[in-house]
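Taken in sequence, the protein lines are chains P and S. Note that this note's numbering gives residue 501 to position 499 of the first sequence, counting from 1, and the numbers run on in steps of one. Note that this note's numbering gives residue -6 to position 13 of the second sequence, counting from 1, and the numbers run on in steps of one.
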Amino acid sequence: MTPNGWLQIAVFFALLLLAAKPMGLYMARVYERKKTWLDPVLVPVERLLYRLTGVDADVEMGWIEYGAAMLIFSCATLLLTYAIERLQHAIPLWNPQHLAAVEPYLAWNTAASFTTNTNWQAYVPEQTMSYLTQMVGLATHNFWSAATGMALAIAFIRGIARRESKKLGNFWVDLTRGTLWVLLPICIVYALALVSQGAIQNLKPYDTVTLVEPQTVTAPGADGKPVTTTVTTQTIAQGPLASQEAIKMLGTNGGGFMNANSAHPFENPTPFSNLLEMLSIFLIPAGFTVTLGRMVGSPKHGWAVFWAMAVLWFAGVATCYWAESQPNPLLHGVDQRVATAGPGQSLSSGGNTEGKEVRFGIANSALFATVTTDASCGAVNSMHDSFMPLGGMVPLANIMMGEIVFGGVGAGMYGMLIFVIVSVFIAGLMVGRTPEYLGKKVQAFDVQMSMLYVLIFPLVILGFAAVSVLLPAGLSSLSNHGPHGFTQIVYAYTSSAGNNGSAFAGLNANTHWYNSTLGITMLVGRFLMIVPMLAVAGNLATKKIAPPSLGTFPVDNTLFTVLLVGVILIVGALTFFPALSLGPILEHLLLRSGISFS
Amino acid sequence: MSDIAFLAASLAFFFVAVLYVYGCQSLKGGRDDA
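Structure follows, in structure tokens:
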């Protein structure tokens, strides 16, 4: 670890802290339908959309109606994306590489993936998806799924804020306003900023260039015998990348236009673009803590939640950065220490550089990996599979905690609010009083639904992972055996259920088994968790708000923050510690003993 | 054939999800609920 690395991490957090309040206050105005400076441009567009779709913006919905609208919308867009993927070869538009139709299992997995904001990619995008599919099927989903998550978080916040109401808002209005007022304007400016750094944005066919230094490659021929060829040219993929990159990060989607994701120089060209990308992952989720405080009338409660998230973020990044700064004990004779050629002239930052871009270094790789898995983004600028065992455990553990450390856009906030309900309930049990959250009694139904939300997540992950380690179809995709291979499988299901989408890599997920089971995992991890969350929101909205009394547990101070962090760690640790022990922790101990697995 | 199977699977999932909404709602009404 170096002072420079810590300084960059500190600068990242300082900028996030500065951005959270204006972002949160702006979103509160957008969802409360108050005036904003974008109204002259966007209100006519909004009205036109409602007129075309027959939406009455003044009619609000109860939680069942709100949930049903969200499910119908998600089902329709999933099928649309599936159809586009299957028909891309037949549509004479934006397919200059003449890419074939996407195979059914993969098409369904991808449609489920982008509908759920997961953006798990079991394919090489530049070799599989036409520009039309990337733009109409996938990039639009990046907006829709993000706006859906934001709408759901707002519905939950309304449930807390309202008294004796059966309504949570109008799903279509929240979806539209989140897209038009929040996502689109930021993405337009953001995409241009990425272009200024070197990200590409075009619709032309791929370039073929002559290599400066031809490469000799030996590979098995048709008859199985080795054939040596000299490669003199290279194909460089093109496409409308910057526009997709912006929403990929801002919407915590994470699905790359290129296979290398944010490690590709077109997606993430410079250290500045890298900083922008990390900040944009956390921008909306951090802002939501301020939105929460504003809409429930307790700004301090919003900041208490913010600091609980910040503490967990720092614990993650510190652990990951430390782990990745350690030398690999199996690389005998390799000097892995920090090395400088003189003042300000760094030769090596020291530690594990495998799978990392030298443009970003260890500190920014560890920070990116932590941020992308704290949130439900899943974009990567380094390969998590190449991390040291404990370094790779951090992204995995982050997702296992439910991605509530700032979290996905909207999803992080409503996930955290479920933990708030559980924390308040536990606090009530400890002092022997009826738990109250901001003046509302937390009762049996609220706790039942919260626990359903908490339990579905490990159930689907551990269930499918257990079956996969028993079946040849699950084991045949592994590139490593032993605890590392186990981690690859657990990571795939955790990433899918958490709607994260980052891959540990090393697992060939483009098989019938993984395409279908990971697709189911994504749908369960998204929609079957949203439903009980909405049920809690709907139930809270109907309750009276009691004035604070001596027995009220305050949710706007340090004690609450500490309790919340404790509950999150205990729930996460108790649920997943056995799996982590069999995976990264065992691998770490074996590595220290000089044992590795191929 | 696969396309029809995936269409049916998708519709079935969301149908079950809607039933699940009503299943959750049916749990409400216990002694301690508001």
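Beta carbons are placed, not taken as given, at the ideal position from N, Cα and C, and that holds for glycine.
Looking only at its own chain, which residues have a Cβ that is under 7 Å from the Cβ of residue i, when we skip the five neighbours before and after it?
| i | result |
| --- | --- |
| P/His386 | Ala371, Gly394, Pro397, Ser504, Phe506 and Ala507 |
| P/His143 | Thr79, Thr83, Phe116 and Thr117 |
| P/Cys322 | Ala368, Ala371, Thr372, Gly393 and Val396 |
| P/Arg594 | Pro331 |
| P/Ala374 | It is worth fixing the name first, because residue 374 of chain P is Thr in this sequence and not Ala. Closer than 7 Å at the Cβ level, and outside the excluded window around P/Thr374, lie Gly256, Ile283, Gly380, Ala381, Val382 and Ser504. |
| P/Val298 | Ile159, Ile162, Ala163 and Leu440 |
Suppose the cutoff is 6 Å on Cβ atoms and the five residues either side in sequence are ignored; what does the same chain contact list for residue i look like?
| i | result |
| --- | --- |
| P/Asp209 | Ile238 |
| P/Gly417 | Gly404, Ile406 and Gly409 |
| P/Glu589 | Pro391, Pro485 and His486 |
| P/Gly304 | Thr291, Val292, Leu294 and Gly295 |
| P/Lys302 | Asp558 |
| P/Thr235 | Thr210 and Thr212 |
| P/Arg35 | none |
Does the Cβ-Cβ distance between residue i and residue j come in under 8 Å?
| i | j | result |
| --- | --- | --- |
| P/Phe562 | P/Ala306 | yes |
| P/Ala581 | P/Leu509 | no |
| P/Ala148 | P/Val411 | yes |
| P/Ser132 | P/Leu101 | yes |
| P/Val569 | P/Ser425 | yes |
| P/Gly161 | P/Leu530 | no |
| P/Thr112 | P/Ser498 | no |
| P/Trp65 | P/Gly540 | yes |
| P/Met415 | P/Ala155 | yes |
| P/Tyr192 | P/Leu252 | yes |
| P/Met13 | P/Asn172 | First, the residue type needs correcting, since residue 13 of chain P is Val and not Met in the sequence shown. No; because the gap between Cβ atoms is not below 8 Å, this pair is not in contact. |
| P/Gly658 | P/Asp376 | Nothing about residue 658 of chain P can be reported from this structure: the residues present for chain P run from 3 to 600 only. |
| P/Gln123 | P/Pro242 | no |
| P/Met25 | P/Leu194 | no |
| P/Ala413 | P/Gly151 | yes |
Taking the alpha-carbon positions, what's the residue i to residue j distance?
| i | j | result |
| --- | --- | --- |
| S/Ala(-14) | P/Ala221 | 38 Å |
| P/Gly500 | P/Met402 | 7 Å |
| S/Ala15 | P/Thr544 | No answer about S/Ala15 holds up, because its pLDDT of 47 lies below 50 and its placement is not dependable. |
| P/Phe555 | P/Ala429 | 7 Å |
| S/Ala(-7) | P/Phe75 | 15 Å |
| P/Ile532 | P/Ala30 | 21 Å |
| P/Ser388 | P/Ala446 | 45 Å |
| P/Tyr493 | P/Leu9 | 30 Å |
| P/Gly56 | P/Leu552 | 50 Å |
| P/Ala511 | P/Val449 | 36 Å |
| P/Asp58 | P/Leu525 | 29 Å |
| P/Leu51 | P/Leu461 | 40 Å |
| P/Gln99 | P/Val360 | 31 Å |
| P/Met432 | P/Leu565 | 12 Å |
| P/Thr523 | P/Pro42 | 42 Å |
| P/Ser479 | P/Tyr516 | 9 Å |
| P/Thr218 | P/Glu356 | 24 Å |
| S/Val(-3) | P/Ile547 | 34 Å |
| P/Leu2 | P/Arg339 | Residue 2 of chain P lies beyond the range of chain P shown here (3 to 600); nothing can be said about it. |
Using the beta-carbon count (16 or more within 10 Å), is residue i buried or exposed?
| i | result |
| --- | --- |
| P/Ala575 | exposed |
| P/Tyr33 | buried |
| P/Thr212 | exposed |
| P/Asn263 | buried |
| P/Arg164 | buried |
| P/Gly572 | Per the sequence presented here, residue 572 of chain P reads as Ile, with Gly not at that position. Exposed, because fewer than 16 other Cβ atoms sit within 10 Å of the Cβ of P/Ile572. |
| P/Thr178 | buried |
| P/Thr436 | exposed |
| P/His266 | buried |
| P/Arg528 | buried |
| P/Asp225 | exposed |
| P/Gln129 | exposed |
| P/Pro46 | exposed |
| P/Lys358 | buried |
| P/Pro474 | exposed |
| P/Gln240 | buried |
| P/Gln246 | buried |
Counting only the same chain and skipping the five closest in sequence on each side, list residues whose C-beta sits under 8 Å from that of residue i.
| i | result |
| --- | --- |
| P/Ile249 | Ala141, Asn144, Phe145, Ala148, Leu185, Cys189 and Asn255 |
| P/Leu134 | Ile86, Gln90, Ile93, Leu95, Trp96 and Asn97 |
| P/Pro549 | Gly441 |
Which runs of the alpha helix (DSSP H) at least 4 residues long sit entirely within the region 406 to 457 of chain P? Give them in chain order.
Within the region 406 to 457 of chain P, the complete alpha helix (DSSP H) runs of at least 4 residues are 413 to 433.
In chain order, what are the residue ranges of uninterrupted alpha helix (DSSP H) at least 4 long that sit wholly in the region 499 to 587 of chain P?
For the region 499 to 587 of chain P, the continuous alpha helix (DSSP H) assignments of 4+ residues that do not extend past its boundaries occur at 514 to 543 and 560 to 582, in sequence order.
Pick out the complete alpha helix (DSSP H) segments inside the region 328 to 406 of chain P, 4 residues or longer, and give them in chain order.
Qualifying alpha helix (DSSP H) stretches, in chain order: 363 to 376 and 391 to 402.
Report the residue ranges of all beta strand (DSSP E) runs contained in full by the region 163 to 209 of chain P; include only those spanning at least 3 residues, in chain order.
The region 163 to 209 of chain P is shown to contain no whole beta strand (DSSP E) run of 3 or more residues.
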